[in-house]
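The block underneath contains the structure these notes are about, expressed in structure tokens.
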Amino acid sequence: MEIDQAQEPDYDSVKIDYVGFVDPYAVEGMVVLKSDDGKEFHMRAFSGEVAKHISSFGETQGEAAPSIYKMIEEICEQNELVLVKVKIYESGDVLRANLYFTGKKDLVLRNYRASDAMALGAFYNIPILVRKSLLKESVEAE
134 MEIDQAQEPD YDSVKIDYVG FVDPYAVEGM VVLKSDDGKE FHMRAFSGEV
184 AKHISSFGET QGEAAPSIYK MIEEICEQNE LVLVKVKIYE SGDVLRANLY
234 FTGKKDLVLR NYRASDAMAL GAFYNIPILV RKSLLKESVE AE
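Under this note's numbering, the first residue of the sequence shown carries the number 134, and numbering increases by one thereafter.
Right, here's the structure in full:
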């Protein structure tokens, strides 16, 4: 796949609609991803620490990024690369993601943890794409 290729028809662009925790101790994180047409994907079973980072990216400006995200930012700067999109998909029973970089050359990192890739998408405010088969109609709690 080329970096500048048109969006694949089996993926939708989503925004992070909600970030929270599954448990009262903030050990397990969860996010709700929402497409433009209102369909949702509820993602959970990742570290509460990642959920805290995702929340902090939208809240404060000028705050230093957590070390791993800062490290990736510095690697990209040194190599003249920019992360331009993240694609989340199922691989067996787990969620995985591909990260698409462009700059001096195009680079695709494949089969990484979806939660980390989504956090990077939030950090850089870039498109997060989710396979359409994961998106479901929104359900309101009663």
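For each residue, glycine too, the CB sits at the ideal point set by N, CA and C.
With respect to the 7 angstroms criterion, Val263 and Val164 are not classified as neighbours on the basis of their beta carbons.
For Ile259, no alpha helix (DSSP H) segment is defined, and its DSSP state is neither H nor E. DSSP links Arg246 through a beta bridge to Arg229. At least 7 angstroms separates the beta-carbon of Ala247 from that of Leu267. Sorting Met251, Val241, Glu223, Lys220 by C-alpha distance to the C-alpha of Tyr202 places Met251 at the top.
Distance from the CA of Ile261 to the CA of Ala178, rounded to the nearest whole angstrom, comes to 18 angstroms. Gly236 sits in a strand when the DSSP states are folded into three classes. Ranked by Cα distance from Phe190, the options Tyr222, Tyr151, Gly225 are led by Tyr151.
DSSP, reduced to helix, strand and coil, places Val152 within a strand of the structure shown.
DSSP places Ser200 in the uninterrupted alpha helix (DSSP H) bounded by 200 to 211.
Asn231 is the residue among Gly236, Ile208, Asn231 whose C-alpha sits nearest the C-alpha of Lys218. Take the alpha-carbon of Leu216 and the one of Ile259: they are about 8 angstroms apart.
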